[in-house]
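Asks: Sequential numbering from 1 applies to the sequence shown in my numbering.
Where a beta carbon is used, it is the ideal one built from N, C-alpha and C, also for glycine.
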Amino acid sequence: MRRLFPVTDETAAPAGADREWGLDELAEAYAYPVDVAGPGPWLRANMVSTLDGAAQHEGRSQPISCAADMRIFGTLRGLADVVIVGAETVRQEGYRPARARDDFAARRAAAGQGPAPAIAVVSASLDLDFSLPLFTSPLLPTLVLTGAAAAPDRIAAAEKAGARVVIAGDGAGVDPARAVRALAGLGLYRLLTEGGPRLLGQLVAAGVLDELCLTVSPMLTAGDAQRIAGGPSVAVPSRFELTSLLEEAGFLFSRYRRP
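1) So, are the CB atoms of Ala100 and Ala116 less than 7 Å apart?
2) Apply the 10 Å Cβ neighbour rule to Met1 and answer buried if 16 or more other Cβ atoms are within range, or exposed otherwise.
3) Do Gly195 and Met70 have their CB atoms nearer than 7 Å?
4) Who does Leu192 pair with in a DSSP beta bridge?
5) For the segment 120-168, which segments carrying the alpha helix (DSSP H) assignment without a break, of at least 4 residues, lie completely within its bounds, in sequence order?
6) Verify whether the separation of the beta carbon atoms of Leu145 and Ala120 is less than 7 Å.
7) Taking C-beta to C-beta, are Leu209 and Ala229 nearer than 7 Å?
8) Under three-state DSSP, which class holds Val90?
9) Check whether the Cβ atoms of Gly114 and Leu140 sit closer than 7 Å, and answer yes or no.
10) Below 8 Å CB to CB, which residues in the same chain sit around Glu159 once its five sequence neighbours on both sides are set aside?
11) Does Leu76 pass the burial test, meaning 16 or more other C-beta atoms within 10 Å, or should it be called exposed?
12) Mind checking which residues open and close the alpha helix (DSSP H) that includes Phe251?
13) If you reduce the DSSP assignment to three classes, tell me which class Ala106 lands in.
14) Using DSSP with H/G/I as helix, E/B as strand and the rest coil, what is Thr243?
15) With a cut-off of 8 Å on the beta carbons, I'd call Glu68 and Glu241 a contact; round off their distance for me.
16) Counting beta carbon pairs with one atom in the segment 217-226 and one in the segment 39-58, are three or more of them shorter than 8 Å?
17) Return the Cβ separation of Thr193 and Ile64 in integer angstroms, given the expectation that the two are a contact with Cβ distance under 8 Å.
18) Quick check: what's the CA-CA separation for Arg255 versus Gly231?
19) Look at the Cβ atom of Ala182, then the Cβ atom of Ala168, and state whether they are nearer than 7 Å.
20) Apart from the five residues just before and just after Thr136, which ones in its own chain have a Cβ nearer than 8 Å to its Cβ?
21) Give me the residue from Ala172, Val216, Ala29 with the minimum Cα distance to Ala149.
In structure tokens form, the structure reads like this:
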């Protein structure tokens, strides 16, 4: 396991100052498996939780986040081929298209990636506002993952807005394993999901999650906020292994992988 705590030698920050992790360090620490296309797609999740288990405050994750968490958020996007997100999270968090970032341009070019990851929205109902920039002006067409029973008029509305509809289920909903295979079939192997909790719970229950990047926020919220994963439970708890741990400003940034 890589223990990436602040160092205390001459390379450390001055006494009393926080160690700030740079983008190059983060890109190395969070790199995908080298030959990710060889063994198949690699699905990681990026979530944040308070000390008492809340994944949100008043419906949004931003209040429990921090500057370092947002740097890691941007790093994980900068390394991914596609970002998978649930429709409710798109609505609550006001999702916009992923943008190209100069900091990751060379890495993405070397990996044969486009300038920014595509966004893939998981939705059974397709109850989405297709006039938003996420659908009308992304660098890469936004993908909409849905089931075969989705309403034809909503599919037509998505396609008219410029989205690419991908059928990944026989009924109204999306089958997680089929969605992962469908994205890999489009050449998208470095998969990142940012939730929300319902979607992450479905991915966990389906056994398709390879890695969890979890920010532990040093905050307490109480209340009835969701955990990072909800929905169906697994028959036997899945054991993951801790592979790295960073700290900045009291926040812990952990990375767990399937054994």
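Replies: If we stick to the structure as given:
1) Along the sequence shown, read from residue 1 onward, the residue named residue 100 stands at position 100. Along the sequence shown, read from residue 1 onward, the residue named residue 116 stands at position 116. In contact: Ala100 and Ala116 (Cβ atoms closer than 7 Å).
2) Locating residue 1 in the sequence shown gives position 1, counting from the first residue. A caution first: Met1 carries a pLDDT of 41, below 50, which makes its placement in the model too unreliable to give a value.
3) Along the sequence shown, read from residue 1 onward, the residue named residue 195 stands at position 195. Along the sequence shown, read from residue 1 onward, the residue named residue 70 stands at position 70. The Cβ atoms of Gly195 and Met70 lie no closer than 7 Å to each other.
4) In the sequence shown, the residue the question calls residue 192 occupies position 192. As a beta-bridge residue in DSSP terms, Leu192 pairs with Arg44, Val83.
5) Taking only runs of at least 4 residues, the alpha helix (DSSP H) segments lying wholly in the segment 120-168 are 133-136, 152-160.
6) As a position in the sequence shown, residue 145 is number 145, starting the count at 1. As a position in the sequence shown, residue 120 is number 120, starting the count at 1. Result yes, Cβ atoms of Leu145 and Ala120 sit closer than 7 Å.
7) Against the sequence shown, residue 209 aligns to sequence position 209. Against the sequence shown, residue 229 aligns to sequence position 229. Not a contact, by the Cβ cut-off of 7 Å.
8) Position 90 of the sequence shown, counted from the start, is the residue given in the question as residue 90. Here Val90 sits in helix by DSSP.
9) Here residue 114 refers to the residue found at position 114 when the sequence shown is read from its first residue. Here residue 140 refers to the residue found at position 140 when the sequence shown is read from its first residue. With a cutoff of 7 Å on beta-carbon distance, Gly114 and Leu140 are scored as near each other.
10) Counted from its first residue, the sequence shown places residue 159 at position 159. The beta carbon of Glu159 lies closer than 8 Å to those of Val165 in the same chain, with the five residues before and after it left out.
11) Mapped onto the sequence shown, residue 76 falls at position 76. A buried status is given to Leu76, since no fewer than 16 other beta-carbon atoms sit within 10 Å of its beta-carbon.
12) Residue numbering aside, residue 251 sits at position 251 when the sequence shown is read from its first letter. Residue range 251-257 is occupied by the beta strand (DSSP E) that includes Phe251, with no alpha helix (DSSP H) assigned at that position.
13) Along the sequence shown, one-based indexing puts residue 106 at 106. Three-state DSSP puts Ala106 in a helix.
14) Within the sequence shown, residue 243 is the residue found at index 243, counting from 1. Thr243 falls in the strand class under three-state DSSP.
15) The residue you call residue 68 lines up with position 68 of the sequence shown. The residue you call residue 241 lines up with position 241 of the sequence shown. The amino acid occupying residue 68 in the given sequence is Ala; Glu does not appear at that position. That pair is no contact at about 23 Å.
16) Inter-segment contact for the segment 39-58 and the segment 217-226 is present: three or more beta-carbon pairs are separated by less than 8 Å.
17) As a first step, residue 193 is located in the sequence shown; it is residue number 193 there, counting from the start. As a first step, residue 64 is located in the sequence shown; it is residue number 64 there, counting from the start. Incorrect: roughly 18 Å between the Cβ atoms, too far for contact.
18) Against the sequence shown, residue 255 aligns to sequence position 255. Against the sequence shown, residue 231 aligns to sequence position 231. Inter-residue distance for Arg255 and Gly231 is about 23 Å (C-alpha atoms, whole angstroms).
19) The sequence position of residue 182 within the sequence shown is 182, counting from 1. The sequence position of residue 168 within the sequence shown is 168, counting from 1. Yes, these two residues count as a Cβ contact at 7 Å.
20) By one-based count along the sequence shown, residue 136 stands at place 136. Hits under 8 Å: Phe130, Ala161, Gly162.
21) Indexing the sequence shown from 1 puts residue 149 at position 149. A check of alpha carbon separations from Ala149 across Ala172, Val216, Ala29 identifies Ala172 as the nearest.
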